[in-house]
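Shown next, in structure tokens, is the structure this report addresses.
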Amino acid sequence: MHLQKRSSVLRISSLCLILLLFLSACDQVQTAPPKQAAKIPPTATATATAPNTNNNLHFPQKPTQAVPTPTPVPQPTSTPVPAGNNPQNIQPLANDHGHPVLAFYYPWYIQQSWTLQQMSDLPSVQYNSGDDVTIDRQLNFAAGAGITGFISSWWGAGDKTDVNFGKLLVHAATLEQQANYHFASSLYMECDAPNLNTPAKMASGLTYVRDHYSNDAHFFHWQGKPVLFFWSPLGNGRTLAQWASIRQQVDPNHQMIWSAEGVDTNLLSVFDGLHLFSAGYWGLKNNTMPQVDQGFRDKITAYNQANNTQKIWAAGVMPGYDDTRVPGRKGTFTVPRNNGTTYTTSWNAAIASNPEWITITSFNEWFEGAMIEPSVTYGNQYLTLTQQFAHRWHG
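Per mature numbering (1 follows the signal peptide of the UniProt record, and there is no 0): the sequence shown = residues -31 to -1, 1 to 364.
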């Protein structure tokens, strides 16, 4: 007890001595006048914005929920993709009509769509497809990357995919006025959709498209004709005879161009060309992508020579694929992205096959993990790669 009291007295004495020495020192220091207080330049404040380390690309903030582990992004070598809603930075393309780049596009999302329980990644900005700001942002991203149009999934007249396609055409007209960039989109006729899944329904839907959209300046035309794409035309028991009948009803003089999804060249007896939504993924998995694309080019060229026709080869490119989280889907599979290598291989093979068009699977098929739209995991990596290859393709 005595030792504790003695120790306390010593500590108090020491503190008093230190305080006296401090006060004495302060009397000898000249205090800076208030008006001469040091100023911190705006560029050096603690709240200054960090330098943009992503090639001056500006993308919206990422969502805060748990996300997949990011993959390292390679440094791009091309001009950065312009910011969304900033059309003055988009460069017009001299020959975009001669070398179209068309991305499959899905206008069906709502805010409740975005969950990692049913898709492998999330967009940098979660959106509603029908919002004007969303459509503007997507058009600016696409145009900045050298895409010349979308192939918009269509489920029939009056469906939200129909309503949103109408908005897309209006926004494309605004983009052209503001940036002198012609963005022309087509429709992907979803043959299994409830409003299109019989010959009569398909004929009705095609008549609607022909009458409502085909003459729009921002509907994709090739050599003066409006173009339509058809998903799985021979699926679920559909036959070429049925398609021949539908075409005779809707387009008897072949004033439109119809591109069929599939590998069967017999489709060319009714349709005007082939495309692969799958982008020939087996070539990506087996390291034979150049042979796959060139094989289709050769088949269509041989058909044209034998039949004196001008059927169209649309080579497909794909960044990767992952539909393993789609609820209830059987037979799921993945095509790894390999940090951009898959996409690069796909583009190189497509360009080498000398196609009339190149299609991208896809701009925003999030459920199947085949999107190039900016994402939480990959940022703008795939838009930047698209820009590099699209500009090479445009020449």
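All C-beta atoms, glycine included, are put in the ideal place defined by N, C-alpha and C.
Distance check for residue j and residue i, CA to CA, integer angstroms please.
i: Leu85; j: Leu137; result: 27 Å
i: Asn24; j: Asn349; result: Residue confidence is low: Asn24 scores 32 on pLDDT, short of 50, so the model does not pin down where it sits. Its coordinate-derived value is still stated next. Whole-angstrom Cα-Cα distance: 11 Å.
i: Thr176; j: Asp161; result: 17 Å
i: Asp131; j: Gly289; result: 28 Å
i: Thr353; j: Arg306; result: 15 Å
i: Lys254; j: Val304; result: 7 Å
i: Pro29; j: Val94; result: Unreliable placement is indicated for Pro29, whose pLDDT of 28 sits below 50; the coordinate value is still reported in the next sentence. Rounded to whole angstroms, Pro29 to Val94 spans 6 Å at the Cα level.
i: Asn164; j: Thr314; result: 37 Å
i: Glu230; j: His244; result: 5 Å
i: Ala114; j: Gln107; result: 11 Å
i: Pro69; j: Trp191; result: 9 Å
i: Asn166; j: Ala126; result: 13 Å
i: Gln217; j: Asn276; result: 20 Å
i: Trp124; j: Trp200; result: 11 Å
i: Gly300; j: Asn149; result: 44 Å
i: Gln356; j: Trp362; result: 10 Å
i: Asn109; j: Tyr74; result: 14 Å
i: Gly193; j: Gly297; result: 43 Å
i: Pro92; j: Glu325; result: 31 Å
i: Lys129; j: Met340; result: 21 Å
i: Asn184; j: His223; result: 15 Å
i: Thr310; j: Asn256; result: 11 Å
With the cut-off set at 8 Å, would you say residue i and residue j are in Cβ contact?
i: Asp100; j: Val345; result: no
i: residue 412; j: Phe358; result: There is no way to answer for residue 412, as the model of the chain reaches only from -31 to 364.
i: Gly242; j: Ile281; result: yes
i: Thr234; j: Tyr272; result: yes
i: Ala318; j: Asp262; result: yes
i: Met287; j: Ala248; result: yes
i: Asn97; j: Ile79; result: yes
i: Phe198; j: Tyr157; result: yes
i: Ala172; j: Ile226; result: no
i: Thr328; j: Ala283; result: yes
i: Pro195; j: Phe134; result: no
i: Phe336; j: Asp292; result: yes
i: Tyr312; j: Tyr250; result: no
List the endpoints of the continuous alpha helix (DSSP H) containing residue i.
i: Pro168; result: 168 to 181
i: Phe110; result: 101 to 113
i: Lys136; result: 129 to 148
i: Ile320; result: 310 to 321
So, under 8 Å CB-CB, residue i and residue j are touching, yes? Tell me the CB distance rounded to an integer number of Å.
i: Phe152; j: Gly204; result: Wrong, their Cβ atoms sit about 30 Å apart, outside the cutoff.
i: Phe240; j: Ser228; result: 6 Å
i: Ser122; j: Glu159; result: 6 Å
i: Leu237; j: Ser155; result: So it is not a contact: roughly 19 Å between Cβ atoms.
i: Arg294; j: Gln87; result: 5 Å
i: Ala141; j: His187; result: 4 Å
i: Val139; j: Arg179; result: No, Val139 and Arg179 are not in contact; Cβ-Cβ is about 19 Å, not under 8 Å.
i: Gln211; j: Pro168; result: 5 Å
What are the boundary residues of the beta strand (DSSP E) that includes residue i?
i: Trp362; result: Trp362 -> not in any beta strand (DSSP E); alpha helix (DSSP H) instead, spanning 350 to 363.
i: Ser155; result: 155 to 159
Tell me whether residue i counts as near the ligand FMN, meaning its Cβ is closer than 7 Å to at least one heavy atom of that ligand.
i: Met171; result: Absence of the ligand FMN from the depicted structure is noted, as is the absence of any ligand whatsoever, leaving it without description.
Worksheet item: What runs of the alpha helix (DSSP H), each 4 residues or longer, lie entirely inside the segment 203 to 260?
Response: 209 to 219, 250 to 255
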